[in-house]
Amino acid sequence: MKWETVIGLEVHAELSTKSKIFCSCTTAYGGGPNTHVCPGCAGMPGTLPKLNRSVVEYALRLGIALNCTISKQCKFDRKHYFYPDLPNAYQISQLYAPVCRDGYLEIEINGLKKKIGIRQIHMEEDAGKLVHGAQSSFMDYNRGGVPLLEIVSQPDFRSAAEVIAYLEKLRETLLYLDVCDCKMQEGSIRADINLSVRRPGGELGVRTETKNMNSFKAITRAIEYEIDRQIEILEDGGQLFQETRRWDDEKGVSSGMRSKENAQDYRYFPDPDLLPLDIDDAWLARVKENLPELAYQKRERYMRNYRLSEDEAAVLTVHKNISNYFETIAEQSGQPAETAHLITGEIMRLMNNTNILPEDLSLDTGKLSTLIGLVCGGKINRSAYKETVEAVFTGNVDPESYIAEKGLMMVSDGGAVMEAVNAVMAENQDSVADYRAGKEKVFGFLMGQVMKKLGKAGNPDLAKKTLENALKTG
Ligand SMILES: [Zn+2]
Numbered sequence: 001m002k003w004e005t006v007i008g009l010e011v012h013a014e015l016s017t018k019s020k021i022f023c024s025c026t027t028a029y030g031g032g033p034n035t036h037v038c039p040g041c042a043g044m045p046g047t048l049p050k051l052n053r054s055v056v057e058y059a060l061r062l063g064i065a066l067n068c069t070i071s072k073q074c075k076f077d078r079k080h081y082f083y084p085d086l087p088n089a090y091q092i093s094q095l096y097a098p099v100c101r102d103g104y105l106e107i108e109i110n111g112l113k114k115k116i117g118i119r120q121i122h123m124e125e126d127a128g129k130l131v132h133g134a135q136s137s138f139m140d141y142n143r144g145g146v147p148l149l150e151i152v153s154q155p156d157f158r159s160a161a162e163v164i165a166y167l168e169k170l171r172e173t174l175l176y177l178d179v180c181d182c183k184m185q186e187g188s189i190r191a192d193i194n195l196s197v198r199r200p201g202g203e204l205g206v207r208t209e210t211k212n213m214n215s216f217k218a219i220t221r222a223i224e225y226e227i228d229r230q231i232e233i234l235e236d237g238g239q240l241f242q243e244t245r246r247w248d249d250e251k252g253v254s255s256g257m258r259s260k261e262n263a264q265d266y267r268y269f270p271d272p273d274l275l276p277l278d279i280d281d282a283w284l285a286r287v288k289e290n291l292p293e294l295a296y297q298k299r300e301r302y303m304r305n306y307r308l309s310e311d312e313a314a315v316l317t318v319h320k321n322i323s324n325y326f327e328t329i330a331e332q333s334g335q336p337a338e339t340a341h342l343i344t345g346e347i348m349r350l351m352n353n354t355n356i357l358p359e360d361l362s363l364d365t366g367k368l369s370t371l372i373g374l375v376c377g378g379k380i381n382r383s384a385y386k387e388t389v390e391a392v393f394t395g396n397v398d399p400e401s402y403i404a405e406k407g408l409m410m411v412s413d414g415g416a417v418m419e420a421v422n423a424v425m426a427e428n429q430d431s432v433a434d435y436r437a438g439k440e441k442v443f444g445f446l447m448g449q450v451m452k453k454l455g456k457a458g459n460p461d462l463a464k465k466t467l468e469n470a471l472k473t474g
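In the numbering used here, the protein residues as written are 1 to 474.
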């Protein structure tokens, strides 16, 4: 290997608390410009920040899940820069005493496990948004003051694949902890890439920071682009300089935005309006006790308690929305194995066909539980079940009336089945003779004919028994 890539990540996660970090304005996405704003988050003189304790709770949840050391006392600092998206001309953030440090997240690629170090997690406020018109630009401060957690990794990544595995695991953790909705398109999770290349074992090279990727695919492309760009410059004898670059996903290139600032350029100093925050053992213990179950813990529980396979458990925990539906339907129907089968099979197939993402999935758990009850209780057969599941999924029909209307209730009337068997045997006398002469293969064909006569409501077990008896005794 001629060159080795070294990558560190800074991930910003917008928290799903109801109100902003230092005032009581809503954090809801969208809304008319400057409608989620008060004098506090608009930076009016005479206002004071008041810390939202839920933000700290969310930070503690993530810190615990990522194996961090939690600061007993954490402080807020002002980070200064002059840009209209910050009405105060500083952002309240944390530099000297962040809430969590020194954790790790374990990733797995092709069966190989690797620990990625987490240098720190800190709390900060988001900035507003510039809206550019033809003649002038406008400011929308709705996003200003929305709470963020910045998760800073160690430079432990060596490839884009490792970065993506980490981001997937981090997203899963944030979702299961209920701290962030992780919608990349809405910017609620954003990742900046710090990247350099070096000769294996050599000193660290000059690093650049790349921003503005809004999908995992864009992140992979931006990493590959930056690796090639740096290697090409170095191999041509050129020199790299520390800078911030902006990714353009449409063109597939990045371009320099500004030379990269160092911490001293931001003139950090402790925010005199906010007291240091004490995190005592009782608070921490309470958060630990109420920590939501994480995806890997759910997978283990599903395999242990419901005897599901590893694959099934993995599919069911791919998104919190899916695992919630699984647990609700399994409990309502009392049939966890059948519920797992339904979601990993039919529901996933229907989601693929209709391009529904896990976060947007909406299921009527009561109706699906009823259907599971009907198929497990031998009231409808598998093909009627499948058809009705689809009708509930796409048209939200009432399953019982649908089954009645379409005549799907299983025919378990012995007389009707006997009649069908007799008719098939009369119509296929050659096959019956073959079977009786020892060609047992024709049984499948005869069985198919009987089910065809019975239609979607046929009871396959009863039909099979009746046919077997008739062939033996005839
Ligand atoms: Zn406000």
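Quick reminder that beta carbons are idealized off the backbone N, C-alpha and C, glycines included. The structure displayed is predicted, hence computed values, not measured ones.
Among residues of its own chain, excluding the 5 on either side of residue i, which ones have a beta-carbon nearer than 7 Å to its beta-carbon?
| i | result |
| --- | --- |
| glutamate 346 | Lys386 and Val389 |
| alanine 59 | Val99, Cys100, Ile121, Met123 and Leu149 |
| glycine 373 | Ser333 |
| methionine 409 | Lys379, Ile380, Ile403 and Ala457 |
| phenylalanine 445 | Ser431 |
| phenylalanine 269 | Asp77 and Arg78 |
| asparagine 34 | Asp140, Tyr141 and Asn142 |
With distances taken Cα to Cα, identify the nearest neighbour of residue i among the options.
| i | options | result |
| --- | --- | --- |
| arginine 78 | Ile92, Tyr306 and Ala59 | Ile92 |
| isoleucine 189 | Gly202, Glu168 and Gln135 | Glu168 |
| aspartate 364 | Ile343, Pro155 and Met44 | Ile343 |
| serine 333 | Pro39, Thr473 and Cys376 | Cys376 |
| serine 369 | Glu468, Asn422, Lys75 and Pro336 | Pro336 |
| leucine 220 | Arg436, Arg158, Val411 and Ile107 | Note that residue 220 corresponds to threonine in the displayed sequence, not to leucine. Checked all of Arg436, Arg158, Val411 and Ile107; the closest Cα to threonine 220 is Arg158. |
| threonine 475 | Lys115, Tyr225, Glu125 and Lys472 | The shown model of the chain, from 1 to 474, leaves out residue 475, and the question about it has no answer. |
| leucine 371 | Tyr225, Glu468, Gln239 and Ile403 | Ile403 |
| alanine 420 | Met447, Tyr141, Glu405 and Lys298 | Met447 |
| isoleucine 231 | Glu440, Met257, Cys180 and Val197 | Val197 |
| glutamine 297 | Lys472, Met409, Phe269 and Thr173 | Thr173 |
| alanine 457 | Asn422, Tyr96, Lys472 and Glu405 | Glu405 |
| histidine 319 | Glu293, Glu338 and Arg304 | Glu293 |
| proline 212 | Val253, Gly237, Asn422 and Ser24 | With the sequence shown as reference, residue 212 is identified as asparagine, and proline is not the correct amino acid for it. Of the listed residues, the one whose Cα sits closest to asparagine 212 is Val253. |
| isoleucine 279 | Leu66, Gln73 and Thr5 | Gln73 |
| glutamate 427 | Lys441, Lys453, Val411 and Ala437 | Lys453 |
| alanine 222 | Ile193, Leu234, Ile233 and Gly237 | Ile193 |
With burial defined as no fewer than 16 other Cβ atoms inside 10 Å of the residue's Cβ, what is the status of residue i: buried or exposed?
| i | result |
| --- | --- |
| glutamate 162 | buried |
| asparagine 324 | exposed |
| asparagine 396 | exposed |
| histidine 36 | buried |
| glutamate 312 | buried |
| lysine 2 | exposed |
| glycine 145 | buried |
| serine 71 | buried |
| glutamate 226 | buried |
| tyrosine 90 | buried |
| asparagine 353 | exposed |
| tyrosine 83 | exposed |
Note down the Cα distance separating residue i from residue j, rounded to an integer number of angstroms.
| i | j | result |
| --- | --- | --- |
| alanine 384 | asparagine 290 | 43 Å |
| tyrosine 306 | isoleucine 109 | 27 Å |
| lysine 288 | threonine 69 | 13 Å |
| glutamate 300 | leucine 177 | 17 Å |
| glycine 187 | leucine 15 | 11 Å |
| proline 460 | lysine 367 | 24 Å |
| leucine 130 | phenylalanine 216 | 25 Å |
| glutamine 429 | arginine 349 | 41 Å |
| aspartate 434 | lysine 379 | 34 Å |
| glycine 407 | lysine 439 | 35 Å |
| cysteine 180 | glutamine 135 | 36 Å |
| aspartate 413 | aspartate 398 | 25 Å |
| leucine 357 | methionine 139 | 33 Å |
| alanine 165 | tyrosine 104 | 14 Å |
| alanine 391 | leucine 361 | 16 Å |
| phenylalanine 533 | asparagine 52 | Residue numbering for the chain in the displayed model covers 1 to 474; residue 533 lies beyond these limits and cannot be assessed. |
| glutamine 239 | aspartate 271 | 39 Å |
| lysine 472 | valine 450 | 16 Å |
| leucine 284 | glycine 63 | 11 Å |
Once you ignore the five residues that flank residue i on each side, which residues in its own chain have a CB closer than 8 Å to its CB?
| i | result |
| --- | --- |
| serine 255 | Arg245, Arg246 and Asp248 |
| aspartate 273 | Leu48 and Pro49 |
Spatial neighbours of residue i within its chain, please: C-beta separation below 6 Å, excluding the five flanking residues on both sides.
| i | result |
| --- | --- |
| glutamate 250 | none |
| valine 417 | Leu462, Ala463 and Thr466 |
| asparagine 88 | Gly43 |
Checklist entry - Do the segment 6-17 and the segment 143-161 touch if we need at least three Cβ pairs shorter than 8 Å? => result With the cut-off at 8 Å, the segment 6-17 and the segment 143-161 touch.
Next on the checklist: Check whether the segment 197-204 and the segment 43-61 touch, using three or more Cβ-Cβ pairs below 8 Å as the test.
Outcome noted: With a cut-off of 8 Å, the segment 43-61 and the segment 197-204 do not count as touching, because too few Cβ pairs lie within range.
Item to check | Contact the segment 21-41 vs the segment 206-221: 3+ CB pairs below 8 Å | outcome: At 8 Å Cβ cutoff, the stretches do not touch.
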